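Structure, as structure tokens:
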Amino acid sequence: MSSKTLAMRKPFSIRLDFWHYVIIAAFILIGFFLIYPLFNIFVNSFWQDGKVSLENYQEFFTFKYYYSSLLNSIIVSTSATFFACCLGIPVAYAMSRFNIPFKGFFHILIILTLLSPPFIGAYSWILMLGNNGFITNLLANFGINIPSIYGLHGMIWVFTLQFYPHIYLYVSGALKTIDVSLEEASSSLGVSGFNRIRKVTLPLIFPTVSTGALMVFMASFADFGTPMLIGQGEKVLPILAYEQFISEMGSNPAMASTLSMILLTVTTIVLFTQRYVISKKTYTMSSLRPPKVIRLSRGKRILATLGVTSVVMLSIIPQATVITTSFLKTNGPVFVGGFSLDSYREVLYKVPQAIQNTFTYASIAIVIMVIAGLLLSYVVVRRKSKITSILDALIMIPYVIPGTVLGISLIIAFNKPPIELTGTWIILVIAYCVRKLPYTMRSSTAILHQIDKSVEEASISLGVPPMKTFFKTTAVLMIPGVISGAILSWVTTINELSSTIVLYYGATATITVSIYSEVFTSNFGTAAALASILSLTTIVSLIIITILSGKKDISI
Numbered sequence: 033m034s035s036k037t038l039a040m041r042k043p044f045s046i047r048l049d050f051w052h053y054v055i056i057a058a059f060i061l062i063g064f065f066l067i068y069p070l071f072n073i074f075v076n077s078f079w080q081d082g083k084v085s086l087e088n089y090q091e092f093f094t095f096k097y098y099y100s101s102l103l104n105s106i107i108v109s110t111s112a113t114f115f116a117c118c119l120g121i122p123v124a125y126a127m128s129r130f131n132i133p134f135k136g137f138f139h140i141l142i143i144l145t146l147l148s149p150p151f152i153g154a155y156s157w158i159l160m161l162g163n164n165g166f167i168t169n170l171l172a173n174f175g176i177n178i179p180s181i182y183g184l185h186g187m188i189w190v191f192t193l194q195f196y197p198h199i200y201l202y203v204s205g206a207l208k209t210i211d212v213s214l215e216e217a218s219s220s221l222g223v224s225g226f227n228r229i230r231k232v233t234l235p236l237i238f239p240t241v242s243t244g245a246l247m248v249f250m251a252s253f254a255d256f257g258t259p260m261l262i263g264q265g266e267k268v269l270p271i272l273a274y275e276q277f278i279s280e281m282g283s284n285p286a287m288a289s290t291l292s293m294i295l296l297t298v299t300t301i302v303l304f305t306q307r308y309v310i311s312k313k314t315y316t317m318s319s320l321r322p323p324k325v326i327r328l329s330r331g332k333r334i335l336a337t338l339g340v341t342s343v344v345m346l347s348i349i350p351q352a353t354v355i356t357t358s359f360l361k362t363n364g365p366v367f368v369g370g371f372s373l374d375s376y377r378e379v380l381y382k383v384p385q386a387i388q389n390t391f392t393y394a395s396i397a398i399v400i401m402v403i404a405g406l407l408l409s410y411v412v413v414r415r416k417s418k419i420t421s422i423l424d425a426l427i428m429i430p431y432v433i434p435g436t437v438l439g440i441s442l443i444i445a446f447n448k449p450p451i452e453l454t455g456t457w458i459i460l461v462i463a464y465c466v467r468k469l470p471y472t473m474r475s476s477t478a479i480l481h482q483i484d485k486s487v488e489e490a491s492i493s494l495g496v497p498p499m500k501t502f503f504k505t506t507a508v509l510m511i512p513g514v515i516s517g518a519i520l521s522w523v524t525t526i527n528e529l530s531s532t533i534v535l536y537y538g539a540t541a542t543i544t545v546s547i548y549s550e551v552f553t554s555n556f557g558t559a560a561a562l563a564s565i566l567s568l569t570t571i572v573s574l575i576i577i578t579i580l581s582g583k584k585d586i587s588i
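Its first residue numbered 33, the sequence shown is counted upward by one per residue in my numbering.
Take a look at the structure:
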């Protein structure tokens, strides 16, 4: 038999290495736990009385009860984004450019504000500015009647103070790397002071500002806890979707799916609009001459410090209120004089399982995310191809998925055999992994980009196999950055409410669900104690991140 005949008969084969299996497994898991659930709610939104129909969408845009929730969501999110920019940009500029004292302390407080759940802020403002809030009552004694915190304006207030750190963090980073020669050139042309900031500095950092604004809009648009606590009849989309899905009068999964798809559509449109706008307004700078800190005169320094202090202190008030009230004596829903540990004793008696669940589920999720972050970031960065680019895009999809939507999609997908996960702790861990993996991935890819590829090449040239090189060299170098990102993901996971409130049942309740329940039953002391536990955990996590990163500042 000729060699040509043997060559023709030789079977075609593709040699798969470890990283090919990682990519295949990633596509399977993403398809099963993300694409499949989202496809289910998409199909469900067009399904009415056993047939395909546009009736759900027609009903949404016909009845004010439904479409007003979309208008409310847009009004609240847009307003919160605008006011967050009004706070975040000046604070970032002052902290980056001027010799303000206690910058590190202010920075930590701002990060703490961002990482605490918004609904805790809402609960704190209820204690202060609610119908029976102590500030409301204090002012009433002087004949001053102010509007309560309830309503759309209350949501905007809470979201602004909660999310302006997004703007601060992004703008601070941009201002530290901007090329100062551009500003100097504008000064030489007669443009100075505020005009220089408006005409030169802000346009240069516009892409960064828009990214921070996008984060604020997404977070406020998707939030569940704050509107639920202080909406008082003013519905927003996440609340309406939740109520349609879980209703005492009979759930309506089809309409809940429709609302979920509208939520997802709006966030996707906003994301692509922002990407399109910044693609037209992106500037390249050498950053060879970063700006120096300007030493202000004593009077101006005091004014700048007071401005920053007032914003930071105002935003940290909810944390201080929660911690203080957790030590106050209570008589039912009323705080009475004196301090005690009764609220903490009651927490340990009533909901010890919720505390255990929170840290257990978050820890399991983080272990999975760290392993996935290490492996997937490597294939995305080091083994670039069209396939890995698609994989990277799929991993980032949860950025635009509100927690309520994810929770509803997972229940619809896994509510019946052969895979019935509803009511188990597993579905909560899956939701946490899907929602928070993009954040761990971002920190993992960032650290991997900083590791010179020649380090791996040197190891391989010395006879160490590629796989052993990854686990013994690359992964070890990545660990500090990955762990820092994972701790931040862990903090946001233990504070997660919007997906948890949809997916939990009695035995799998977490701290956030328990706080939400305690507030609704007017057990404010135990709610404050549980919220303080979350705040303390957040503070400890920030300290750990600072130690691991070896930096004075923390970036997210």
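Backbone N, C-alpha and C define an ideal beta-carbon position, used for all residues, glycine too.
Computed from a predicted model, the values in this text were never measured in an experiment.
{"query": "Close beta carbons around A551, own chain, < 7 Å, minus the five adjacent residues each side", "result": "Rather than Ala, the amino acid found at residue 551 in this sequence is Val. The residues are Y155, L261, A559."}
{"query": "Bridge partners - T362, DSSP secondary structure assignment", "result": "F367"}
{"query": "Three or more C-beta pairs below 8 Å linking the stretch 99 to 114 and the stretch 181 to 198", "result": "yes"}
{"query": "Three-way DSSP call (helix, strand, coil) for V383 in this model", "result": "coil"}
{"query": "Beta-carbon proximity of S476 to M510, cut-off 8 Å", "result": "yes"}
{"query": "Inter-residue Cα distance where the pair is Y410 and T300", "result": "27 Å"}
{"query": "Through-space distance from G136 to T505, alpha-carbon basis", "result": "33 Å"}
{"query": "I181, DSSP secondary structure in three states", "result": "coil"}
{"query": "C-beta contact flag for I459 and L535 at 8 Å", "result": "yes"}
{"query": "CB contact check: F166 to chain D, cutoff 8 Å", "result": "No chain D appears in the structure shown, which is made up of a single protein chain."}
{"query": "Close beta carbons around L70, own chain, < 6 Å, minus the five adjacent residues each side", "result": "S441"}
{"query": "Segment contact, 8 Å Cβ cut-off, at least three pairs: the stretch 127 to 146 with the stretch 285 to 294", "result": "no"}
{"query": "V54 vs I121 beta-carbon contact at 8 Å", "result": "no"}
{"query": "Sequence-distant residues of its chain with Cβ nearer than 7 Å to W79 (five each side left out)", "result": "A286"}
{"query": "One or two residues paired with I451 in a DSSP bridge", "result": "K448"}
{"query": "Within 8 Å, strictly: CB atoms of I27 and I565", "result": "Here the chain comprises residues numbered 33 to 588, so residue 27 is not present and cannot be evaluated."}
{"query": "CA-to-CA distance, I355 to N169, given in whole angstroms", "result": "21 Å"}
{"query": "The ligand ADP heavy atom lying under 7 Å from the CB of G435", "result": "You won't find the ligand ADP in this model; it holds no ligand whatsoever."}
{"query": "Of the residues W522, S549, G538, I579, the one placed nearest T569, counting alpha carbons only", "result": "W522"}
{"query": "The stretch 228 to 246 contacting the stretch 195 to 209, beta-carbon criterion three pairs below 8 Å", "result": "yes"}
{"query": "Spatially closest choice to L346 from F95, L102, I106, I142, by CA coordinates", "result": "I142"}
{"query": "Nearest-angstrom Cα separation, counted from T305 out to T454", "result": "35 Å"}
{"query": "Straight-line Cα distance separating N88 from Y99", "result": "12 Å"}
{"query": "I575 to K96 span [Cα, whole Å]", "result": "48 Å"}
{"query": "I326 (DSSP reduced to helix, strand or coil)", "result": "strand"}
{"query": "V496 - DSSP class collapsed to helix/strand/coil", "result": "coil"}
{"query": "L144 versus L520, I515, T542, residue with shortest Cα-Cα distance", "result": "L520"}
{"query": "Continuous beta strand (DSSP E) assignments of at least 3 residues falling wholly in the stretch 501 to 582", "result": "none"}
{"query": "Buried/exposed call for H139, threshold 16 Cβ in 10 Å", "result": "buried"}
{"query": "N76 - containing alpha helix (DSSP H), residue span", "result": "68 to 77"}
{"query": "Proximity winner among F502, R467, I579, G538, relative to W51 (alpha-carbon distances)", "result": "F502"}
{"query": "Anticipated Cβ contact below 8 Å, V108 with L184, distance rounded", "result": "6 Å"}
{"query": "Contact the stretch 264 to 274 vs the stretch 165 to 179: 3+ CB pairs below 8 Å", "result": "no"}
{"query": "Secondary structure of K267, DSSP reduced to three states", "result": "coil"}
{"query": "CA-to-CA distance, Y464 to F256, given in whole angstroms", "result": "16 Å"}
{"query": "Buried or exposed by the 16-neighbour rule on C-beta atoms within 10 Å, applied to S421", "result": "exposed"}
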